[in-house]
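The structure under discussion appears below in the form of structure tokens.
Residue numbers (my numbering): 10 to 631.
Okay, here's the thing in structure tokens:
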């Protein structure tokens with residue numbers, strides 16, 4: 010171990026040992042005050058009535074967090090408010106980052122897919138992070154939402170929130186949270202930036218979509234709170250996102266600064282409902298969104314992009330984080346910003362200035378600043394100049410340390426479990442057969458049969474029948490073909506398969522295959538009217554209806570695809586193509602291996618005439 014890491018770890022251990030000694034001393038004095046030693050009682054004449062004594066004053070319970078904080082320097086306190094992205098090489102912690110972790114005492118570290126190439130390296134990485142941090146244990150976090158956003162390529166593949174929303178099952182959402190939490194905890198990850206509590210009531214939302222439970226705020230509230238409880242039951246901190254709501258935007262905050270123009274009464278009816286429920290169910294961390302809410306934040310600031318005056322986003326807004334979330338909604342947990350490397354803030358403020366504004370607004374944890382070490386120095390300057398009171402820093406550090414104590418991070422920081430034992434424990438839990446079976450059932454419960462003219466589905470394939478598969482890319486095509494071959498006996502059906510990537514209409518070979526096919530299954534993925542895939546899908550639907558073939562469409566991702574091909578005779582939504590568990594569940598439904606029972610968790614708009622083609626709750630069975 011390099012000397013810088015060793016010295017940093019030793020310093021951290023000394024700090025906490027001093028704090029722990031102070032804590033034990035205060036606790037002992039408290040016990041003595043409440044239970045004083047017995048004294049010899051002098052003999053009293055029988056006729057003399059004893060004088061009643063006043064009750065002993067109660068000594069306040071010792072405050073271990075105050076003891077720890079009193080031993081921290083200003084630099085260490087500020088370090089607790091920063092959560093950088095880990096720096097790794099092939100899954101191993103970079104020595105330079107380990108040194109910084111010990112030097113600055115970062116409050117947490119976030120891990121991404123490249124940091125976790127396999128299970129043994131992931132366990133070794135979290136173990137190394139803990140050792141480098143020393144006696145001030147860090148939050149070790151990742152984004153494991155399930156579905157389209159996941160970081161563990163070797164973990165159990167879950168169907169995602171919108172599939173859970175289609176099942177409308179609180180127990181299903183709880184099971185998903187519990188499963189995710191068990192696998193993260195086994196790997197040494199104690200914080201999950203999930204679940205998404207955004208109400209996806211905008212079909213054109215480019216960043217939320219199937220990451221949301223749906224368009225009904227009550228449904229999102231019910232299932233989101235259940236998933237939070239599942240994570241908590243597994244010992245993992247849930248971080249609900251993206252406050253106060255990213256569902257009704259048509260701009261991705263990774264690329265620009267979205268604006269929600271609605272007044273507060275509208276937010277009360279939709280966006281805030283899931284977050285209020287999460288707070289009531291004890292969520293410990295909430296992530297603030299880089300989205301502007303002019304109706305909530307009245308002040309403006311100068312954008313460095315073009316010099317214009319703009320409303321600061323919720324993540325940097327005192328009116329949103331302190332006035333609304335803290336005071337009005339009564340939230341007492343940790344507020345974490347969304348990544349401070351997203352263009353929504355870097356374009357207008359720069360990562361470092363955005364971090365300063367976030368602290369002034371009331372944020373506790375600063376996620377992924379571009380130069381975390383420089384940010385520590387900058388925030389120290391801000392405190393010393395009086396721009397940020399040290400009491401504001403102390404408020405956040407107390408919340409952070411209190412949360413770490415609640416989840417036992419201090420208790421486990423000094424525990425020396427052998428790495429081989431940790432790996433073995435994780436291997437017994439992660440992607441276990443029981444977990445895979447749970448995920449498969451959750452995926453099947455969400456599959457939604459939206460439309461089924463003339464009982465097109467299920468496909469009851471006869472001997473020597475011909476099936477045409479059309480898929481949006483080669484990878485999906487190969488997976489579909491392989492899965493269909495497993496579902497149907499060898500030689501039972503002859504399969505033609507084509508990818509239509511980059512095509513706006515069917516090729517002659519496709520048309521010939523369609524003409525001789527008994528069944529046609531087209532998979533779609535996020536159709537748009539202007540895109541080639543949307544025009545291709547429309548061409549297939551019109552051609553198949555004219556030929557009276559048995560055509561079924563399976564939406565791999567967005568259920569809104571039906572809006573672009575409303576004349577499809579049969580339509581199935583599976584809410585996710587990234588996780589093969591969804592695709593497997595969808596194909597099993599197509600071939601009648603089970604009866605789909607899912608109900609739409611969103612409405613499907615009528616792009617031609619206005620209104621909706623299908624409402625929330627629509628869904629058929631065989």
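Backbone N, C-alpha and C define an ideal beta-carbon position, used for all residues, glycine too.
Look at the segment 551-614 and you find these whole runs of alpha helix (DSSP H), each 4 residues long or longer: 589-599. The segment 487-498 makes no contact with the segment 216-223: fewer than 3 CB pairs, one atom from each, lie closer than 8 Å. 451 is the residue among 559, 318, 451 whose C-alpha sits nearest the C-alpha of residue 590.
Contact check for residue 573 and residue 530: beta-carbon distance about 18 Å, past the 8 Å limit, so the pair fails to qualify. Here residue 253 is not near residue 228, since their CB atoms are 8 Å or more apart.
Spanning the alpha carbons of residue 74 and residue 479 requires a straight line of approximately 60 Å. DSSP, read as helix, strand or coil, puts residue 78 in helix. Residue pairing from DSSP places residue 374 in a beta bridge opposite 345.
Cβ-Cβ distances below 8 Å link residue 468 to 476, 528, 530, 559, 561, 599, 600, 601 in the same chain, with the five nearest sequence neighbours on each side left out; the list follows chain order. For residue 246, the closest of 194, 285, 256, 623 by C-alpha to C-alpha distance is 194.
For residue 492, the uninterrupted alpha helix (DSSP H) segment begins and ends at 483-496. The DSSP assignment places 294-297, 343-346 as complete runs of the beta strand (DSSP E) inside the segment 292-363, in order along the chain (cut-off: 3 residues).
DSSP, read as helix, strand or coil, puts residue 266 in coil. The way I'd put it, the segment 362-381 does touch the segment 100-120; three or more beta-carbon pairs between them come closer than 8 Å. Around the beta carbon of residue 465, 16 or more other beta carbons lie within 10 angstroms, which makes this residue buried. Residue 565 sits away from residue 542, with the two beta carbons spaced by 8 Å or more. With contacts defined as CB atoms closer than 8 Å, residue 239 and residue 186 qualify as a contacting pair.
Contact check for residue 280 and residue 205: beta-carbon distance about 13 Å, past the 8 Å limit, so the pair fails to qualify.
Proximity to residue 553 across 587, 514, 581 peaks at 514, based on C-alpha coordinates. The three-state reading of DSSP puts residue 508 in strand, counting E and B together. In this structure, the straight-line span from the alpha carbon of residue 122 to that of residue 97 is close to 11 Å. Secondary structure note for residue 275: its alpha helix (DSSP H) is the uninterrupted segment 273-278. Contact between the segment 132-151 and the segment 164-171 is absent, with fewer than three C-beta pairs closer than 8 Å. Nearest to residue 250 by C-alpha distance, out of 309, 287, 242, 244, is 287. Here residue 306 is buried: its Cβ has 16 or more other Cβ atoms, across all protein chains shown, within 10 Å. The shortest C-alpha to C-alpha distance from residue 86 to any of 459, 405, 511 is the one to 405. Secondary structure at residue 125: coil, using DSSP grouped into helix, strand and coil. Here residue 252 is bridged, per DSSP, to 297.
Apart from the 5 residues on each side of it in sequence, residue 496 sits with its Cβ closer than 8 Å to the Cβ of 596, 597, 600, 602 in its chain, given in chain order. Within the DSSP secondary-structure output, residue 118 pairs in a beta bridge with 149. Taking every protein chain shown into account, the CB of residue 517 has fewer than 16 other CB atoms within 10 angstroms, so this residue is exposed.
Residue 631 counts as exposed, since fewer than 16 other beta carbons sit within 10 angstroms of its beta carbon. Here residue 358 is not near residue 351, since their CB atoms are 8 Å or more apart. Distance from the CA atom of residue 128 to the CA atom of residue 607, rounded to whole angstroms, is 33 Å. Three or more beta-carbon pairs separated by less than 8 Å link the segment 578-585 to the segment 452-464, which places the two stretches in contact.
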